[in-house]
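So the structure is just underneath, and the comments pick up after that.
Number of protein chains: 2
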Amino acid sequence: MSDAVFSYDRLVQFSKAVFSRIGCSQQDAQQATNVLLSADLRGIDSHGIARLGGYVRLWEAKRVNATPQLKILHQTPSTATVDGDSGLGLVVAPKAMQMAIDKAKQVGTGWVSVQNSNHFGIAGYHAMMALEEEMIGICMTNASPLVAPTFSVERLLGTNPICVAIPAGKQPPFVADMATTTAANGKLEILQRKNEQAPSGWIQNREGESSTDPHELKSGGALLPLGGDKEHGSHKGYALGSVVDIFSAILSGANYGPWVPPFPAYVPMPTGMPGKGIGHFFGAMRIDAFRPAAEFKLHMDQWIERFRNAKTIEGFDRVLIPGDPERETEIKRRKDGIPLNNAVLDDIKTLAQKFNLPSL
Amino acid sequence: MSDAVFSYDRLVQFSKAVFSRIGCSQQDAQQATNVLLSADLRGIDSHGIARLGGYVRLWEAKRVNATPQLKILHQTPSTATVDGDSGLGLVVAPKAMQMAIDKAKQVGTGWVSVQNSNHFGIAGYHAMMALEEEMIGICMTNASPLVAPTFSVERLLGTNPICVAIPAGKQPPFVADMATTTAANGKLEILQRKNEQAPSGWIQNREGESSTDPHELKSGGALLPLGGDKEHGSHKGYALGSVVDIFSAILSGANYGPWVPPFPAYVPMPTGMPGKGIGHFFGAMRIDAFRPAAEFKLHMDQWIERFRNAKTIEGFDRVLIPGDPERETEIKRRKDGIPLNNAVLDDIKTLAQKFNLPSL
Numbered sequence: 001m002s003d004a005v006f007s008y009d010r011l012v013q014f015s016k017a018v019f020s021r022i023g024c025s026q027q028d029a030q031q032a033t034n035v036l037l038s039a040d041l042r043g044i045d046s047h048g049i050a051r052l053g054g055y056v057r058l059w060e061a062k063r064v065n066a067t068p069q070l071k072i073l074h075q076t077p078s079t080a081t082v083d084g085d086s087g088l089g090l091v092v093a094p095k096a097m098q099m100a101i102d103k104a105k106q107v108g109t110g111w112v113s114v115q116n117s118n119h120f121g122i123a124g125y126h127a128m129m130a131l132e133e134e135m136i137g138i139c140m141t142n143a144s145p146l147v148a149p150t151f152s153v154e155r156l157l158g159t160n161p162i163c164v165a166i167p168a169g170k171q172p173p174f175v176a177d178m179a180t181t182t183a184a185n186g187k188l189e190i191l192q193r194k195n196e197q198a199p200s201g202w203i204q205n206r207e208g209e210s211s212t213d214p215h216e217l218k219s220g221g222a223l224l225p226l227g228g229d230k231e232h233g234s235h236k237g238y239a240l241g242s243v244v245d246i247f248s249a250i251l252s253g254a255n256y257g258p259w260v261p262p263f264p265a266y267v268p269m270p271t272g273m274p275g276k277g278i279g280h281f282f283g284a285m286r287i288d289a290f291r292p293a294a295e296f297k298l299h300m301d302q303w304i305e306r307f308r309n310a311k312t313i314e315g316f317d318r319v320l321i322p323g324d325p326e327r328e329t330e331i332k333r334r335k336d337g338i339p340l341n342n343a344v345l346d347d348i349k350t351l352a353q354k355f356n357l358p359s360l
Numbered sequence: 361m362s363d364a365v366f367s368y369d370r371l372v373q374f375s376k377a378v379f380s381r382i383g384c385s386q387q388d389a390q391q392a393t394n395v396l397l398s399a400d401l402r403g404i405d406s407h408g409i410a411r412l413g414g415y416v417r418l419w420e421a422k423r424v425n426a427t428p429q430l431k432i433l434h435q436t437p438s439t440a441t442v443d444g445d446s447g448l449g450l451v452v453a454p455k456a457m458q459m460a461i462d463k464a465k466q467v468g469t470g471w472v473s474v475q476n477s478n479h480f481g482i483a484g485y486h487a488m489m490a491l492e493e494e495m496i497g498i499c500m501t502n503a504s505p506l507v508a509p510t511f512s513v514e515r516l517l518g519t520n521p522i523c524v525a526i527p528a529g530k531q532p533p534f535v536a537d538m539a540t541t542t543a544a545n546g547k548l549e550i551l552q553r554k555n556e557q558a559p560s561g562w563i564q565n566r567e568g569e570s571s572t573d574p575h576e577l578k579s580g581g582a583l584l585p586l587g588g589d590k591e592h593g594s595h596k597g598y599a600l601g602s603v604v605d606i607f608s609a610i611l612s613g614a615n616y617g618p619w620v621p622p623f624p625a626y627v628p629m630p631t632g633m634p635g636k637g638i639g640h641f642f643g644a645m646r647i648d649a650f651r652p653a654a655e656f657k658l659h660m661d662q663w664i665e666r667f668r669n670a671k672t673i674e675g676f677d678r679v680l681i682p683g684d685p686e687r688e689t690e691i692k693r694r695k696d697g698i699p700l701n702n703a704v705l706d707d708i709k710t711l712a713q714k715f716n717l718p719s720l
């Protein structure tokens with residue numbers, strides 16, 4: 001059976017209603033919805049409305065505060081450290097990114113580290129806020145431990161994504177939004193649902209041996225850092241994920257490494273947590289803090305055109321620029337609607353009943 | 361035959377003498393030597409004194425200016441764009457990194473993009489300058505095209521390294537210094553010398569097919585971005601290498617992508633170059649721009665200790681922290697000396713004759 005398809009506007013309406021029901025202000029419900037559904041538009045289905053129920057369950061478990069008051073704990077002209085007051089990351093993150101942008105307006109760049117937050121949806125949404133201001137946007141977050149460092153059987157890092165969004169001129173922007181693992185957890189979830197094998201290099205079993213069983217994480221296995229194994233540079237993926245963890249949590253005072261709180265509300269919190277909530281890190285760099293924006297855009301266009309028109313390996317029709325697939329999915333889904341699978345629809349029906357809302 | 365071994369001080373003496381002979385000031389000759397030999401100390405032999413002859417040949421080809429006058433082209437309180445005046449990257453880079461550090465002292469962070477430079481040795485040296493100031497150091501550079509983006513047969517990116525250096529308290533610092541490819545070119549050169557096969561996932565042939573022949577680059581092949589192939593995330597390595605290229609060269613006005621000048625002086629310059637020289641990017645973030653340094657260090661120590669003591673996969677004795685292998689090599693080589701192979705020694709003999717210096 002093929003997935004049911006819903007218009008973006010219909011999903012917006014439902015998501016806003018749910019966030020309002022848990023006590024978010026109208027403005028915050030809209031903001032959270034914009035962030036959440038940007039994932040569905042861009043084809044990162046694991047981070048979109050599929051997670052709406054998960055956020056509600058975190059609120060029910062009193063791990064999400066629906067009316068957070070953000071506090072600046074520390075700042076300089078180009079930096080700030082923010083306490084997210086246990087808010088939805090979907091609400092906290094755009095505010096923190098806006099602070100980075102405001103600082104960049106003043107002194108060229110802005111850098112904001114956030115503690116005491118929750119899952120913030122896709123990194124791409126926040127980094128891309130900078131594009132409208134002719135700035136480069138940078139965004140990262142830590143996440144609960146699913147990833148084993150090179151040589152470790154223990155899971156000590158999240159899939160810790162990094163996004164870098166760079167404006168261009170006539171060309172669409174460059175947007176690299178990626179987990180620092182070989183494969184994002186969402187890709188593994190798809191294989192789990194279909195009961196298909198994973199490629200080697202994505203996961204290891206509880207002994208640290210390479211495995212292709214997508215259910216391995218349920219029995220003590222782990223996702224692997226980008227690179228897969230030492231011979232293929234997994235120590236680099238491990239280092240990147242570590243940098244994300246340190247910038248997001250050790251700069252801010254959030255939890256890090258194995259102590260990052262889990263997204264599923266039924267999973268017990270780690271013991272001995274050294275910080276508050278999960279951590280994010282945001283950066284904004286004004287293009288014209290380095291050179292005139294028009295010059296930059298001209299060369300960025302030339303860069304993109306040269307790469308996009310590179311001679312391809314036989315069987316592939318073009319070289320992609322980071323952000324191309326997501327932008328194309330967004331165009332399609334705004335027009336044709338967003339497909340949702342049955343598991344997601346069931347979760348949405350439960351939410352609708354819980355909050356006495358018309359279901360989709 | 362095992363390699364001959366030389367003391368660090370002996371190599372310093374020789375390197376300083378050579379840089380002086382090409383016209384560097386005493387101070388610049390010392391600086392260039394410190395950077396160059398930090399690679400030999402840290403075990404990154406491909407970037408150390410093995411390249412001394414290469415720098416001289418660039419100077420002979422009039423591509424290196426031994427007495428550069430750095431110019432700030434553009435700046436804000438937290439940023440600067442610098443023209444390296446065709447200087448040795450070994451001299452230009454520490455000056456640019458110092459500017460980033462000085463800006464961080466004033467406004468919390470500093471970010472410097474550099475055009476019109478040359479190869480700067482190991483990224484680690486420059487990023488680690490921040491450590492002594494209780495700052496996080498970031499350093500990247502573009503390089504001549506050896507790497508094919510995902511799906512491309514053309515080489516459009518350099519091995520474009522990134523270094524992030526983060527101070528700790530009682531623990532030694534975290535220093536991740538890595539090419540954005542599966543394997544650095546230096547590792548391939550070792551296989552070429554030994555005539556050994558490369559692991560799959562490191563290189564492709566001129567048609568874009570996976571290859572294990574380490575000589576493939578001489579016949580139109582390419583190094584692969586971190587990840588190796590699409591299924592294992594090579595689009596992420598490609599994106600990382602691209603970010604390095606854009607920050608280093610499109611922000612600064614240097615050459616980018618396929619137009620980055622080659623290191624070997626005998627290789628002709630690309631045609632239609634869009635910028636000046638090669639580009640670098642430097643960042644410095646003051647720890648106490650985010651939180652008190654003592655607090656940060658306490659948690660950084662806990663992070664390092666937790667990761668280092670993780671349970672290992674059978675057969676491996678420990679989980680490494682980025683920077684561990686290089687630091688341990690440096691301790692050993694400062695004590696026991698630095699091994700140089702015959703090819704490097706021959707090049708040094710030629711240099712000694714050319715400049716009428718006593719050889720090693």
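Those protein sequence lines, which keep their order, are chains F and S. Per our numbering, residue 1 is the first one in the first sequence, and the count goes up by one each step. Per our numbering, residue 361 is the first one in the second sequence, and the count goes up by one each step. For every residue, glycine included, the Cβ atom is placed at its ideal position computed from N, Cα and C.
Exercise for review: Confirm the yes/no value for this check: CB of S:N701, any heavy atom of the ligand GDP, distance under 7 Å.
Suggested key: Judged by which ligands are present, the structure shown has none, so any question about the ligand GDP falls away.
Point to revise | Option nearest S:A649 by Cα separation, candidates F:R63, F:T76, F:A239 | key: F:T76
Review point. Cβ of F:T79 less than 8 Å from any chain S Cβ?
Key: yes
Practice item. Identify, in the order they occur along the chain, each residue of the same chain with its Cβ nearer than 8 Å to the Cβ of S:E665, setting aside the five sequence neighbours on each side. Key: Q531
Check your understanding: With a CB to CB cut of under 7 Å and the five nearest residues on each side skipped, what residues in its chain are close to F:V319?
Key -> F307, R308, A310, T312
Check your understanding: Any Cβ of chain F within less than 8 Å of the Cβ of S:V721?
Key -> Chain S is shown from 361 up to 720; residue 721 of chain S falls before or after that span and cannot be answered.
Practice item. Have a look at S:D684 and S:A539 and give me their C-alpha separation to the nearest angstrom. Key: 17 Å
Practice item. Please name the residues in the stretch 292-326 of chain F whose beta-carbon is closer than 8 Å to at least one beta-carbon of chain S, in chain order. Key: E295, F296, H299, M300, Q302, W303, R306, F307, A310, K311, T312, I313, E314, F316, R318, V319, L320, P322
Practice item. In angstroms with no decimal places, state the Cα-to-Cα distance between S:S380 and F:L146. Key: 53 Å
Check your understanding: Once you ignore the five residues that flank F:E189 on each side, which residues in its own chain have a CB closer than 7 Å to its CB?
Key -> S46
**Study point:** Cut-off 7 Å between Cβ atoms - residues of its own chain near S:N425, not counting five sequence neighbours on either side
**Key:** D445, S446, G447
Practice item. Spell out whether any CB of chain S is found under 8 Å from the CB atom of F:H47. Key: no
**Study point:** Nearest candidate by alpha-carbon position, reference S:A487, set S:A460, S:P428, S:M633
**Key:** S:A460
Review point. Quick one: Cα of F:T81 to Cα of S:K578, how far?
Key: 50 Å
Review point. How about the stretch 116-123 of chain F and the stretch 24-41 of chain F: do they share at least three Cβ pairs that are nearer than 8 Å?
Key: yes
Practice item. Compute the Euclidean distance between the alpha carbons of S:I647 and F:I246, then round it to the nearest angstrom. Key: 11 Å
Check your understanding: What residues of chain F sit near S:G468, judged by a beta carbon separation below 7 Å?
Key -> T76, P77, S78, T79
Check your understanding: If F:F263 and F:C139 are in contact, beta carbons under 8 Å, what's the gap, nearest whole angstrom?
Key -> That pair is no contact at about 18 Å.
Exercise for review: Hey, could you find the ends of the alpha helix (DSSP H) F:P325 is sitting in?
Suggested key: 324-336
Check your understanding: Which residues of chain A have a Cβ atom closer than 8 Å to the Cβ of S:T542, listed in chain order?
Key -> Judged by its chain identifiers, the structure shown contains no chain A, and its protein chains are F and S.
Check your understanding: Which same chain residues, not among the five before or five after F:I348, have their C-beta less than 6 Å away from its C-beta?
Key -> L360
Review point. Where does S:V365 land, buried or exposed, given buried means 16+ other C-beta within 10 angstroms?
Key: exposed
Check your understanding: For S:L558, which residues from the same chain have a beta carbon less than 6 Å from its beta carbon, with the 5 sequence-adjacent residues on both sides left out?
Key -> Checking the displayed sequence, the identity of residue 558 of chain S turns out to be Ala instead of Leu. Excluding positions up to five away in sequence, the list reads L551, T572, P574.
Point to revise | N- and C-terminal bounds of the alpha helix (DSSP H) containing S:F303 | key: Within the shown structure, residues of chain S are numbered from 361 to 720, placing residue 303 of chain S beyond reach of any answer.
**Study point:** Residue span of the alpha helix (DSSP H) that contains F:D45, given as start and end
**Key:** First-last for F:D45: undefined, no H or E at that position.
Review point. Can you find a CB in chain S that lies within less than 8 Å of the CB of F:P111?
Key: It is Trp, not Pro, that sits at residue 111 of chain F in the sequence shown. True, the Cβ-Cβ gap to chain S drops below 8 Å.
Check your understanding: On the three-state DSSP scale, how would you describe F:H280?
Key -> strand
Review point. How many angstroms separate the CA atom of S:K714 from the CA atom of S:P533?
Key: 41 Å
Review point. Should S:I638 and S:N502 be called a contact, given that it needs their Cβ atoms to be closer than 8 Å?
Key: yes
Practice item. Could you tell me whether the Cβ atoms of S:L717 and S:F374 are closer together than 8 Å? Key: yes
Practice item. Under 9 Å between beta-carbons, which chain S residues line up against F:V361? List them in chain order, please. Key: Missing from the structure shown is residue 361 of chain F; chain F here goes from 1 to 360 and no further.
Practice item. Over the uninterrupted alpha helix (DSSP H) stretch that includes S:D363, give me the two end residues. Key: Careful: S:D363 lies outside any alpha helix (DSSP H) and carries neither H nor E.
Exercise for review: Can you grab the Cα-Cα spacing for the pair S:Y626 / F:D336, in whole Å?
Suggested key: 56 Å
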